[in-house]
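All remarks here apply to the structure that follows.
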Amino acid sequence: MKVALVHDYIREFGGAERVLRVLVDMYPEAPIYTSFVDRRSNAYQKFKDRTIHESWVGKLFSFGKLYSPFRFMIPWVWGVHDLSQFDLVIASSSWYISRGFRIGSKTKVICYCHTPPRNLYGYQTAINWLGMKWGGFLVNAYATIVNHFLRLYDFKTAQEPDRTRSKMVAGVDQFVVNSENVKRRVEKFYRRDSTVVYPPVMVREIVKNTKETIRGDSFLIASRLVESKGLLEAATAAKKLGIKLRIVGSASGFSNIEKKLKDDLGDVVELLGQLTDKELWLEYAQAKGFVALAREEDFGMTVVEAMAAGTPVIAFNGGGFKETVVDGETGILIEDTDVLTLEKAFKRFEEIKWDKEKIQKQAGKFSREIFEEKIRKLIGS
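2 is the number of the first residue of the sequence shown in our numbering; add one for each residue after it.
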């Protein structure tokens, strides 16, 4: 069976790229088709040994952050890719849609949907166009117009392919999603059913590499440095309670939150920047607890990674966190992310006697091995 993989773009190595990396390992002969590649990025280092086909349209605006304002070109970005020679195409899809390429009449398309594009359907994103101070009205007007047409394209390419044509624009034969949370979105926005296969977390490797680690007294956050992740609220609550907070991650988009954290909360917050996987695993294991405050997180792999290291979490009771965290057993779920709620959560955290083995057992439900088994079963190989 001739297989191809499709992915939004190769620019940063986040949760979606971790899924792609496992798919690449499962299908080592499969080429990757994408909109563009940032060859200076850490993501490229993970895939540079594979055959990658960029869209020549996407390459035109891959410099800097032009891919965002030029997203009205998405239909042309994918339309230049001809995948009609493949029996199976697995599209890893989220912000840049990753559908609409050309396929043959017998090509089967499986879409692993991390989420329908958040910017098209009113969910918070790392770059909030409405909050930009310069040219806010014009940017908002532009985004409103562009997003209207992209929603039409997004819906059309999410439907089943028209098999009456020899070379057609790809739809989706089968949706696979990363959580029950995203399953509801796919049903709502695309009117399609889907199968939940949780993303592959390196549970076995994390357990092995953190076995002898001694736990410290700091709390940990692993996140892009953007407003939507609740970093300022967590740091403010930590300061009021005298709690040390370590943050792994780098700035994204136009956010100035890194400066705010350094200037206003630098006495309790330590910014660690980007770490390797093994360095991050050790941070999980050394942390007293892990904090994840994003609202409507699609899935949230970092929470499961922390639990794999035996570390209890404080997470917002929404999105994918509701599916991974057991309140009172593997962590604490909170109904809001304001400072008062966080103070109460930190205090409750101290009152609970956490069971490391129970926490790691819960993480095991989201392992890479289970992901691979379910994907192969779906594909029939």
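The beta-carbon is built from N, C-alpha and C at its ideal position, and this holds for glycine as well.
Integer-rounded CB distance, given that residue j should sit under 8 Å from residue i
i, j, result
"V7", "S95", "Going by Cβ atoms, the distance from V7 to S95 rounds to 12 Å, so no, they are not a contact pair."
"P162", "I104", "7 Å"
"M302", "R19", "7 Å"
"V340", "V304", "At roughly 21 Å, the Cβ-Cβ gap does not stay under 8 Å, so V340 and V304 are not in contact."
"V183", "F367", "Not confirmed; about 14 Å, so no contact."
"L226", "I258", "5 Å"
"R193", "A159", "6 Å"
"Q125", "S224", "About 13 Å; that fails the 8 Å criterion."
"C114", "V170", "Not confirmed; about 18 Å, so no contact."
Opening and closing residue of the beta strand (DSSP E) in which residue i lies
i, result
"Y34", "33–35"
"A316", "314–317"
"R247", "246–249"
"A5", "4–8"
"V292", "290–293"
"V110", "109–114"
"I104", "103–105"
Euclidean distance between Cα positions of residue i and residue j
i, j, result
"F156", "Y191", "6 Å"
"G381", "K107", "16 Å"
"L272", "I248", "5 Å"
"F71", "E358", "48 Å"
"T342", "D26", "42 Å"
"V23", "E373", "8 Å"
"I53", "I371", "27 Å"
"M2", "R377", "13 Å"
"I360", "G16", "21 Å"
"G332", "I353", "9 Å"
"L61", "Y68", "9 Å"
"I98", "R369", "24 Å"
"A5", "V81", "15 Å"
"F291", "E351", "13 Å"
"I11", "Q275", "17 Å"
"P200", "S42", "22 Å"
"I146", "Y122", "13 Å"
"L379", "K49", "28 Å"
"A236", "A252", "16 Å"
"P29", "R119", "30 Å"
"K323", "F300", "9 Å"
"W57", "R100", "16 Å"
"K241", "K260", "20 Å"
Extent of the continuous alpha helix (DSSP H) to which residue i belongs
i, result
"L343", "340–352"
"Y191", "181–191"
"G1", "Within the shown structure, residues of the chain are numbered from 2 to 382, placing residue 1 beyond reach of any answer."
"L283", "278–287"
"Q363", "357–364"
"V177", "Counting along the chain, V177 falls outside any alpha helix (DSSP H), though it belongs to the beta strand (DSSP E) covering 175–178."
"I380", "369–380"
"A307", "302–309"
"G172", "Run containing G172: none; DSSP gives neither H nor E here."
Residue i: CB within 7 Å of a non-hydrogen atom of the ligand MN
i, result
"V20", "Annotation note on the ligand MN: not contained in the displayed structure, which lists no ligands."
Inset, instruction - Report yes or no: do the stretch 31–46 and the stretch 55–75 share at least 3 C-beta pairs separated by less than 8 Å? - result: Yes, the stretch 31–46 is in contact with the stretch 55–75.
Inset, instruction - Run through the stretch 34–62 for me and flag every whole beta strand (DSSP E) of 3 or more residues, listed as ranges in chain order. - result: Entirely contained in the stretch 34–62, the beta strand (DSSP E) runs reaching 3 residues are, in chain order, 53–55.
Inset, instruction - May I ask you to verify whether the stretch 309–325 touches the stretch 284–299, counting CB pairs closer than 8 Å and requiring at least 3? - result: A contact exists between the stretch 309–325 and the stretch 284–299.
Legend entry - At least 3 beta-carbon pairs within less than 8 Å: the stretch 214–228 vs the stretch 238–246: Proximity of the stretch 214–228 to the stretch 238–246 meets the contact definition, three or more beta-carbon pairs being nearer than 8 Å.
Inset, instruction - At 3 residues or longer, and completely inside the stretch 192–273: list those beta strand (DSSP E) runs for me, N to C. - result: Runs of the beta strand (DSSP E) lying entirely within the stretch 192–273, each at least 3 residues long, are 220–223, 246–249 in chain order.
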